[in-house]
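Following: one structure in structure tokens, then a few remarks.
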Ligand code: ADP
Ligand code: ZN
Ligand code: ZN
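Residue numbers (this note's numbering): 1 to 714.
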């Protein structure tokens, strides 16, 4: 209830409310004339915190839509949409204290009543000359101002108040002119023209181009035209793609203030960036998935880079959402175009292109003079292999290094070796809390579980029989060791989560590659995106087989995307690149199609397979995942849940079954899959069923969550 004397808050505004004995901050969703609750149970709000809503109408609409579609409580959706500082009451605009001389103070000075302490006199003098004065300046001019101000404040000679701080844009004026745009290729020009003609209405474009084909250049020119129309742009990128180089390129080319939102910011930094977006000081907001909820007024275009990337899907916590899909919803509400860019669009997106819902804009060639790389498979069964490197690969590295090229070795597994084995009794080091093996980390002398973080000393002997143990298989640490042995004269850098912990580590690694100081780069997924290597002439995919035989229906798509993305690191400059893919299954149809027909051919074959087996995008999925400290409890809960659903029309229920890795960090995971070719039927079922699942009495505490449109089924 809004008490008398308080103006009704607008929807999307924060209010302070009584909650039990506490006072909490809430967000107004809407105002209604009638309540379902009896009058006496309604409470009055205490204060309205915002005159301008923290959730502007378009964002509030998106929040509502997401809460509905993902069947998730709106409060938690709002929590994902707002920075922590804003949730706890921080002002929408940055505030700053100003100080001035009161009429009483002026009078006292005129009457010659002077303050005794020199610091007080100095302060009064400052205030007579500069009235009012910003606290930031006071601190600089008069370091001891605080002790001087306190008595004067008590006497009523001076006063202070908080006002909106000068905007970031004026605090840090953009200097110089924008970098000039290169002359676009005909395909780039076509893409820019098509998208900019569509500004002002909803449409979805798929910018499909190889890495290095100039997609970012297209984004930049589209944004430039959007800004010229007085509107703003929102750019979503995967966590891994948001590099300082990308931000710098945007800043230099567009010469416009940018707000950058990502998970590496402190609460205060995030608040500052969010304020820059909310106040309109920033004309471009670049961010990772939760930035889809960022406050951007007069939004003119949304760009989703690397739209296929799994990190655009939130998969932690209870609220699972796809930032890409929400970007489409936001664009549709706002009636603006959205651009999905990728070298390897997801199969869903390609199916939407095939059905005519999205328009594909192709950039088939590389920008500049770069040539496409040559791909070849290396049969691991036909060649001698040492520490994961087949002889033809070693020879190729030698050749490229001799020709002054650089070499990239990709292996999506960090550590020294994935297994520690006793060759006498067959013991392998297990994680005690997971259905997984411990990974050997040789240099730090530890065994680590990559699923739960368990960490223990590396044993020298088998705990079962006392025989010596040895590491089996390869991780990036071992590949590094082997390459240093083979090519001692070639400086090497490794990039994985063990050695690169923050931005500055990554910058240093990229610098040593780009300056030519390092000749070999060994890395995991961390190196596959966003980095531009001019002199990388050889790329090696050390093990393509990890994704070939997975139970996850999306594993093949992932593998093809990774191979194409890594291959795209080769030959970005003026030299043609070579890509070698090591596999023990060179005859595998996926690899064969990928080699002979490229990603497009692969996607056609994979979509045909999905259609035949009715996997997405030819059906809709939702999965309920449950975990408990016993395997039985999680399964029982889901069995009960399934029983509650009965035999719904048009929705198939599959399971419950234990997850592929059932035990993780001491908890047992199970899942129940719901599948339908009819999206409406699926959501109607979920809407009626989930509240009843939530009421289920569980014998033992069970954690569960719903994931609509899951991207992995593990
Ligand atoms: P992508 O985003 O598809 O990987 P980029 O836009 O980063 O491609 O372009 C790759 C490289 O080619 C960059 O160094 C970029 O500056 C350059 N480039 C892009 N378009 C052109 C163009 N039309 N003429 C010359 N160089 C270009
Ligand atoms: Zn043993
Ligand atoms: Zn573990």
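The beta carbon of each residue, even a glycine, is placed where N, CA and C say it ideally should be.
Residue j beta carbon less than 8 Å from that of residue i
| i | j | result |
| --- | --- | --- |
| residue 32 | residue 14 | no |
| residue 712 | residue 554 | yes |
| residue 424 | residue 438 | no |
| residue 567 | residue 590 | no |
| residue 642 | residue 690 | no |
| residue 388 | residue 542 | yes |
| residue 533 | residue 358 | no |
| residue 286 | residue 260 | yes |
| residue 520 | residue 376 | no |
| residue 648 | residue 685 | yes |
| residue 682 | residue 640 | no |
| residue 524 | residue 411 | yes |
| residue 45 | residue 2 | yes |
| residue 406 | residue 513 | yes |
| residue 706 | residue 624 | yes |
| residue 361 | residue 194 | yes |
| residue 662 | residue 653 | no |
Close Cβ partners of residue i (< 8 Å) along its chain, the five nearest in sequence each way excluded
| i | result |
| --- | --- |
| residue 715 | In the structure as shown, the chain begins at 1 and stops at 714. Residue 715 is therefore absent and cannot be evaluated. |
| residue 458 | 420, 440, 441, 442, 445, 446, 447 |
| residue 484 | 492 |
| residue 49 | 13, 14, 15, 16, 25, 89 |
| residue 479 | 387, 388, 389, 409, 411, 522, 542 |
Local conformation of residue i per DSSP, three classes
| i | result |
| --- | --- |
| residue 240 | helix |
| residue 373 | coil |
| residue 18 | strand |
| residue 543 | coil |
| residue 392 | helix |
| residue 510 | helix |
| residue 671 | strand |
| residue 661 | strand |
| residue 168 | Here the model assigns residue 168 a pLDDT of 44, short of 50, so the residue's position is not dependable, and the following value carries that caveat. Three-state DSSP puts residue 168 in a helix. |
| residue 728 | No answer is possible for residue 728: the residues shown for the chain start at 1 and end at 714. |
| residue 412 | coil |
| residue 454 | coil |
| residue 438 | coil |
| residue 173 | Reliability of the predicted coordinates at residue 173 is poor, the pLDDT of 43 falling under 50, and the value obtained from them is presented with this limitation in mind. The answer is coil: DSSP assigns residue 173 none of H, G, I, E or B. |
| residue 505 | helix |
| residue 701 | coil |
| residue 688 | helix |
Nonlocal neighbours in the same chain, by C-beta distance under 6 Å from residue i, ignoring five residues either side
| i | result |
| --- | --- |
| residue 173 | Unreliable positioning characterises residue 173 in this predicted model, as indicated by a pLDDT of 43, which lies under 50. The coordinate reading is nonetheless provided below. No residues qualify anywhere along the chain. |
| residue 708 | 70, 622 |
| residue 67 | 74, 77 |
| residue 105 | 157, 158 |
| residue 297 | 280 |
| residue 170 | Here residue 170 scores only 37 on pLDDT, less than 50, and its place in the model is too uncertain to base an answer on. |
Own chain residues within Cβ distance below 7 Å of residue i, not counting five before or after
| i | result |
| --- | --- |
| residue 327 | 236, 292, 302, 304, 338 |
| residue 167 | Unreliable placement is indicated for residue 167, whose pLDDT of 48 sits below 50; the coordinate value is still reported in the next sentence. Result list for residue 167: 279, 281, in chain order. |
| residue 138 | 99, 145 |
Ligand 1 heavy atom lying under 7 Å from the CB of residue i
| i | result |
| --- | --- |
| residue 213 | yes |
| residue 770 | Limits of the chain in this structure are 1 at one end and 714 at the other, which puts residue 770 out of reach. |
| residue 135 | no |
| residue 209 | yes |
| residue 188 | yes |
| residue 420 | no |
| residue 242 | no |
Contact test: residue i Cβ vs ligand 4 heavy atom, cutoff 7 Å
| i | result |
| --- | --- |
| residue 424 | As far as ligands go, the structure on display features ligand 1, ligand 2 and ligand 3 and does not contain ligand 4. |
Check: residue i C-beta below 7 Å from any heavy atom of ligand 3
| i | result |
| --- | --- |
| residue 433 | yes |
| residue 454 | yes |
| residue 451 | yes |
| residue 665 | yes |
| residue 436 | yes |
heavy atom of ligand 2 below 7 Å from residue i C-beta
| i | result |
| --- | --- |
| residue 464 | yes |
| residue 274 | no |
| residue 467 | yes |
| residue 704 | no |
| residue 427 | yes |
>> Report the start-end ranges of each alpha helix (DSSP H) in the stretch 197-272 that is 4 residues or longer and not cut off at the edges.
In response: Residue ranges of uninterrupted alpha helix (DSSP H) with 4 or more members, entirely inside the stretch 197-272 and ordered along the chain, are 215-228, 244-254.
> Which ranges does the alpha helix (DSSP H) cover as unbroken runs of at least 4 residues, wholly within the stretch 58-127, from first to last along the chain?
Replying inline: Here the runs fully enclosed are 74-81, 84-87, 103-110.
>> I'd like the ranges of any alpha helix (DSSP H) spanning at least 4 consecutive residues and lying wholly in the stretch 585-654.
In response: Here the runs fully enclosed are 589-613, 631-645.
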